[in-house]
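With positions in the sequence shown counted from 1, the corresponding number in this note's numbering is that position plus 23.
We treat Cβ as the ideally placed atom computed from N, Cα and C, and that holds for glycine.
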Amino acid sequence: MKFTLKQARKHADKTQLEMAKILGISRDTYMKLERSPEEVTIKQALIISNITGIPYDDIFFTN
24 MKFTLKQARK HADKTQLEMA KILGISRDTY MKLERSPEEV TIKQALIISN ITGIPYDDIF
84 FTN
């Protein structure tokens, strides 16, 4: 099953603010990543995968 960035975040029961803090970015920047997931860096993608428990390959990092 493939997840959008937003679906992955919700699967992990995290708010945008919580994800932003984990990634060390502002909430506004995180919101932009959900709208434009192709802007996610490899490092951020790996952190997101780890936090959500969803394999990197199962999260859409394209729009």
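If I follow the unbroken alpha helix (DSSP H) through residue i, where does it start and stop?
i: I71; result: I65 to T75
i: D51; result: R50 to R58
i: A43; result: Q39 to L46
i: A35; result: Where A35 is concerned, there is no enclosing alpha helix (DSSP H), given that its DSSP letter is neither H nor E.
Output yes or no for whether 9 Å exceeds the beta carbon distance between residue i and residue j.
i: P60; j: L28; result: yes
i: G24; j: R32; result: The residue asked about is misnamed: residue 24 is Met in this sequence, not Gly. No, they are not a contact pair.
i: F26; j: I70; result: no
Label residue i either buried or exposed according to how many other C-beta atoms from any shown protein chain fall within 10 Å of its C-beta, with 16 as the threshold for buried.
i: I65; result: exposed
i: L56; result: buried
Margin query: Would you call the stretch 73-82 in contact with the stretch 48-59, where contact means no fewer than 3 C-beta pairs closer than 8 Å?
Written below: The stretch 73-82 makes no contact with the stretch 48-59, as fewer than three CB pairs between them are under 8 Å.
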